[in-house]
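Visitor:
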Amino acid sequence: MGRSEDSKALMWRITEEIWNNGRLDLIDELIAEDLVDHVELAGLEGSGRARYRASIEMMRAAFPDYRNPLDFVIAEDAFAVSYGRSTGTHHGEFFGIPPVVDS
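Going by this note's numbering, the first residue of the sequence shown is number 1477, and it counts up by one from there.
1. With C-beta atoms as the reference, is Ala1530 less than 9 Å away from Leu1520?
2. For Tyr1528, does the count of other Cβ atoms within 10 angstroms reach 16, so buried, or fall short, so exposed?
3. Going by DSSP in three states, Gly1568 sits in which element: helix, strand or coil?
4. Would the beta-carbon of Asp1510 fall within 9 Å of that of Gly1524?
5. So, helix, strand or coil for Ile1507, using DSSP?
6. Could you give the DSSP three-state label for Ser1558: helix, strand or coil?
7. Quick check: the Cα distance between Tyr1542 and His1567, rounded to an integer number of angstroms?
8. Who are the Cβ neighbours of Leu1487 in its own chain at under 6 Å, not counting the five residues just before and after it?
9. So, under 8 Å CB-CB, Glu1552 and Ser1480 are touching, yes? Tell me the CB distance rounded to an integer number of Å.
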């Protein structure tokens, strides 16, 4: 497998196993410690893996059935980008917005 194919496979695995299945135990294996997250979200602090983990915990606390099935992944060398549509039922507070479903 070439480098681009490795990058695509990693993107699919991160999305499916960590985000969709809640396998936070894989973060240390699959996410670089020096990850730079450019997404600014209120209440999300820290950096690297800790910030990445916090973003997943925040999302899954509000949307316990969160899923992000990917439509496609494009990669070149070590860079990969994905496109998918996130779904989930709003059971917990999210950025100050109360849940729409009683837990």
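Beta carbons are placed, not taken as given, at the ideal position from N, Cα and C, and that holds for glycine.
Guide: With the given structure in hand:
1. Counting from one through the sequence shown, the residue named residue 1530 turns up at place 54. Counting from one through the sequence shown, the residue named residue 1520 turns up at place 44. Yes. Within cutoff.
2. Here residue 1528 corresponds to residue number 52 of the sequence shown, with the count starting at 1. Tyr1528 comes out buried.
3. As a working mapping, residue 1568 is identified with position 92 in the sequence shown. DSSP, read as helix, strand or coil, puts Gly1568 in coil.
4. Here residue 1510 is taken as the residue at index 34 of the sequence shown, counted from 1. Here residue 1524 is taken as the residue at index 48 of the sequence shown, counted from 1. In this structure, the beta-carbon distance from Asp1510 to Gly1524 falls below 9 Å.
5. Stepping through the sequence shown from its first residue, residue 1507 is reached at position 31. Coil, per DSSP.
6. As a first step, residue 1558 is located in the sequence shown; it is residue number 82 there, counting from the start. Under the three-state reduction of DSSP, Ser1558 is assigned to strand.
7. Position 66 of the sequence shown, counted from the start, is the residue given in the question as residue 1542. Position 91 of the sequence shown, counted from the start, is the residue given in the question as residue 1567. Computed Cα separation, rounded: 10 Å.
8. Along the sequence shown, one-based indexing puts residue 1487 at 11. Rather than Leu, the amino acid found at residue 1487 in this sequence is Met. Around Met1487: Val1549, Ala1556 and Ser1558.
9. Locating residue 1552 in the sequence shown gives position 76, counting from the first residue. Locating residue 1480 in the sequence shown gives position 4, counting from the first residue. With 8 Å as the limit, Glu1552 and Ser1480 qualify as a contact, their Cβ atoms being about 6 Å apart.
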